[in-house]
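Inspection log for the structure reproduced underneath, given as structure tokens.
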Amino acid sequence: MPITEYKPLIVAFCCNWCSYAGADLAGNNRLQYPADVKIIRVPCSCRVNPTFILRAFQKGADGVIICGCHPGDCHYTSGNYYTRRRMTLLFSMLDFLGIERERTRLEWVSAAEGTKFAATMNDFVKTVASLGENKRLEDLRCKK
Amino acid sequence: MQKVTKDILISKAAGLLDSQTVTRVLGWKRGEFYDDVTPAVFHSREELENGFVFDDFCGANLSKYLIKETAKDDGKILVFLKPCDTYSFNQLLTERRFPRDKVYALGVGCEGMLDSRKIRAVSESVISVRDLGNSVEVETLYDGILTLDRQTLLPDRCQRCKSKKHVAFDELIATDGKILDSNRFDEVEKLEKMTADERYRFWQEQLSRCIRCNACRDVCPACTCEKCVFDNPDSGVANKACANEFEEKMFHIVRAFHVVGRCTDCGECSRVCPQNIPLHLLNRKFIKDINTFYGTYQAGETVGSRAPLVDYNPDDAEPSEVLTGGTHHV
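So the sequence lines, in the order shown, correspond to chains X and V. Going by my numbering, the residue at position 122 of the first sequence is 241; the numbering climbs one at a time, nothing skipped. Going by my numbering, the residue at position 295 of the second sequence is 313; the numbering climbs one at a time, nothing skipped.
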């Protein structure tokens with residue numbers, strides 16, 4: 120049986136106004152980033168409920184990244200400021216429970232930053248791949 | 019300081035009932051055994067004299083019961099509040115969960131309640147417990163009469179009491195205390211110093227004992243949603259999971275996260291846990307983080323204060339700046 124290369128599963132929550140457009144730009148510019156990243160479009164990074172992140176891990180994601188507009192540039196004025204506080208506390212709690220800190224990340228990517236989007240995803244996939252499979256947060260009943 | 023006794027409280031409450039200042043009294047009722055005191059509503063002097071109790075096992079925080087009780091009729095209700103309960107009382111008022119004018123809050127002094135688990139660890143056959151000031155006289159069936167040091171029998175939340183000050187009351191019985199410097203984050207700090215693997219093992223061991231009875235949620239004065247995500251059968255999180263799966267952690271992270279900035283650190287979650295899981299450590303971790311990242315904040319200290327998660331500062335730190343454990347920048 121051939122040994123297949125380990126491919127991490129990454130969930131990226133991208134805000135509709137900046138980061139999703141940034142991903143689009145990366146595509147238009149033919150910038151390479153791994154197909155392991157599954158993008159979920161949300162109206163604002165602030166829409167991301169901590170349960171979404173935990174649920175993604177539960178269902179077998181190896182890393183979760185939340186991308187939003189740069190602070191000060193939120194389409195809804197202040198959504199990303201709330202996201203920042205919320206995610207800081209959530210990531211800190213996951214770390215407190217002994218879950219690898221590198222599996223979660225918050226990045227600001229504007230609609231003009233296709234290059235940054237691709238670079239961020241490349242780096243994140245590399246980091247998560249080096250950690251290996253997510254064992255601590257998975258839930259076998261939720262996996263197919 | 020005059021010690022608050024059951025008789026003082028009964029005569030006070032009965033007086034207020036007689037003068038029709040209040041129509042009923044929310045207090046604690048004696049149970050079957052020495053330690054199973056439960057919250058109860060009393061309507062008359064007779065009921066109070068028959069069932070009311072105020073002793074070392076009145077740990078239950080009564081403030082959450084006001085939500086349902088104040089909705090029942092138009093009369094005023096008398097409630098007894100220990101210092102830590104007054105913080106929850108204020109927090110519920112901040113969230114407009116009950117009308118303040120329908121409550122007569124009587125602040126009662128507290129020297130710390132006793133932890134029946136710690137008493138049971140000394141003897142399994144306890145019949146009664148008598149307070150002797152700095153020590154406690156425990157009458158047992160098989161081990162005779164024991165005299166124990168009171169400090170050793172206090173639950174964690176009372177050993178690290180954050181405040182003896184009543185932050186809300188209409189009338190106070192016993193002198194008011196002060197906010198204490200209780201070093202209550204030391205357990206959290208101890209865990210933070212461990213490696214990630216040690217922390218994971220610690221929580222795996224603790225949380226895998228969870229039986230998903232939802233007692234921590236039901237008792238929490240900050241958990242007052244009328245509809246709870248964990249009651250939704252379609253959510254897939256309403257059932258008991260296998261012991262070593264992520265389900266328990268999911269539940270406890272979400273439970274603790276939902277009360278971030280609203281948790282007053284009253285410690286009720288740990289008190290009611292039948293499996294003795296130190297759940298308050300999760301809440302304390304959040305409180306400690308808020309204090310570190312966004313400035314010291316005590317929920318319930320004042321009515322109307324803005325919780326840290328519904329507030330922001332454009333200069334807040336990024337998670338990658340404040341959290342250690344490998345940060346990667348592009």
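We put the CB at the ideal spot given by N, CA and C, even for glycine. Here the structure is a predicted model, which means the values were calculated and not measured.
Cutoff 8 Å: residue i Cβ touching any chain V Cβ
{"i": "X:Thr170", "result": "yes"}
{"i": "X:Thr196", "result": "no"}
{"i": "X:Leu173", "result": "yes"}
{"i": "X:Tyr139", "result": "no"}
{"i": "X:Arg149", "result": "no"}
{"i": "X:Asp192", "result": "no"}
{"i": "X:Asp155", "result": "no"}
Closer than 8 Å to chain X by CB, residue i
{"i": "V:Trp221", "result": "yes"}
{"i": "V:Phe187", "result": "no"}
{"i": "V:Lys90", "result": "no"}
{"i": "V:Phe304", "result": "yes"}
{"i": "V:Ile271", "result": "yes"}
{"i": "V:Met131", "result": "no"}
{"i": "V:Phe203", "result": "no"}
{"i": "V:Val278", "result": "yes"}
{"i": "V:Leu209", "result": "yes"}
{"i": "V:Asp350", "result": "The structure shown has nothing for residue 350 of chain V, since chain V only spans 19 to 348."}
{"i": "V:Pro337", "result": "yes"}
{"i": "V:Glu266", "result": "no"}
Alpha carbon of residue i to alpha carbon of residue j, nearest angstrom
{"i": "X:Ile158", "j": "X:Gly141", "result": "12 Å"}
{"i": "V:Pro332", "j": "X:Gly191", "result": "8 Å"}
{"i": "X:Val247", "j": "X:Arg174", "result": "18 Å"}
{"i": "V:Gly195", "j": "V:Thr282", "result": "18 Å"}
{"i": "V:Arg42", "j": "V:Phe72", "result": "17 Å"}
{"i": "X:Ser229", "j": "X:Arg204", "result": "19 Å"}
{"i": "V:Thr158", "j": "V:Arg302", "result": "36 Å"}
{"i": "V:Gly125", "j": "V:Leu84", "result": "15 Å"}
{"i": "V:Glu223", "j": "X:Met212", "result": "17 Å"}
{"i": "V:Tyr105", "j": "V:Ala186", "result": "8 Å"}
{"i": "V:Cys231", "j": "V:Pro101", "result": "28 Å"}
{"i": "V:His347", "j": "V:Ser81", "result": "Residue placement at V:His347 cannot be trusted, given a pLDDT of 34 that sits under 50; the coordinates are not used to answer."}
{"i": "X:Tyr201", "j": "V:Glu339", "result": "17 Å"}
{"i": "V:Gly285", "j": "X:Thr196", "result": "37 Å"}
{"i": "V:Ser143", "j": "V:Asn294", "result": "20 Å"}
{"i": "V:Phe386", "j": "V:Ala335", "result": "It is not possible to answer for residue 386 of chain V, since the shown part of chain V is limited to 19 through 348."}
{"i": "X:Ala180", "j": "X:Ile129", "result": "6 Å"}
{"i": "V:Glu17", "j": "V:Ile137", "result": "Nothing about residue 17 of chain V can be read from this structure; chain V reaches only from 19 to 348."}
Nearest residue (CA-CA) to residue i, options the options
{"i": "V:Asp119", "options": "V:Thr39, V:Ile229, V:Thr320", "result": "V:Thr39"}
{"i": "V:Val278", "options": "X:Leu208, X:Ala230, X:Lys245", "result": "X:Leu208"}
{"i": "X:Leu256", "options": "X:Thr223, X:Glu232, X:Thr202", "result": "X:Thr223"}
{"i": "V:Ser153", "options": "V:Ile145, V:Lys47, V:Gly130, V:Cys287", "result": "V:Gly130"}
{"i": "X:Arg160", "options": "X:Glu221, X:Ile184, X:Gly179", "result": "X:Ile184"}
{"i": "V:Arg227", "options": "V:Thr213, V:Cys291, V:Ser106", "result": "V:Cys291"}
{"i": "X:Cys186", "options": "X:Glu124, X:Leu225, X:Leu216, X:Ile218", "result": "X:Leu225"}
{"i": "V:Leu327", "options": "V:Gly313, V:Cys243, V:Leu299", "result": "V:Gly313"}
Exposed unless 16 or more other CB atoms sit within 10 angstroms - verdict on residue i
{"i": "V:Ala139", "result": "exposed"}
{"i": "V:Ser62", "result": "exposed"}
{"i": "V:Leu225", "result": "buried"}
{"i": "X:Asp214", "result": "buried"}
{"i": "V:Gln109", "result": "buried"}
{"i": "V:Gln316", "result": "buried"}
{"i": "V:Gly151", "result": "exposed"}
{"i": "X:Ser138", "result": "buried"}
{"i": "V:Pro4", "result": "As shown, chain V starts at 19 and ends at 348. That puts residue 4 of chain V outside it, with no answer to give."}
{"i": "V:Ala78", "result": "buried"}
Residue i: CB within 7 Å of a non-hydrogen atom of the ligand COA
{"i": "V:Phe75", "result": "Annotation note on the ligand COA: not contained in the displayed structure, which lists no ligands."}
Legend entry - Short-range partners of chain X found in the segment 217-248 of chain V, where Cβ spacing is below 9 Å: Of all residues in the segment 217-248 of chain V, the ones placed with a Cβ closer than 9 Å to any Cβ belonging to chain X are Arg217, Tyr218, Arg219, Phe220, Trp221, Gln222, Leu225, Val247, in chain order.
Legend entry - Residues within the segment 213-225 of chain X neighbouring chain V, beta-carbon criterion of under 9 Å: Leu213, Asp214, Phe215, Leu216, Gly217, Ile218, Glu219, Arg220, Glu221, Thr223, Arg224, Leu225
Inset, instruction - Quick one: which residues of the segment 306-326 of chain V get their C-beta closer than 8 Å to a C-beta of chain X? List them in chain order. - result: Asp307, Ile308, Phe311, Tyr312, Pro326
Legend entry - Interface residues of the segment 197-210 of chain X facing chain V [CB-CB below 8 Å]: Ser197, Tyr200, Tyr201, Arg203, Arg204, Arg205, Met206, Thr207, Leu208, Leu209, Phe210
Inset, instruction - May I ask you to list, following chain order, the residues of the segment 112-140 of chain V that have a beta carbon less than 8 Å from some beta carbon of chain X? - result: none
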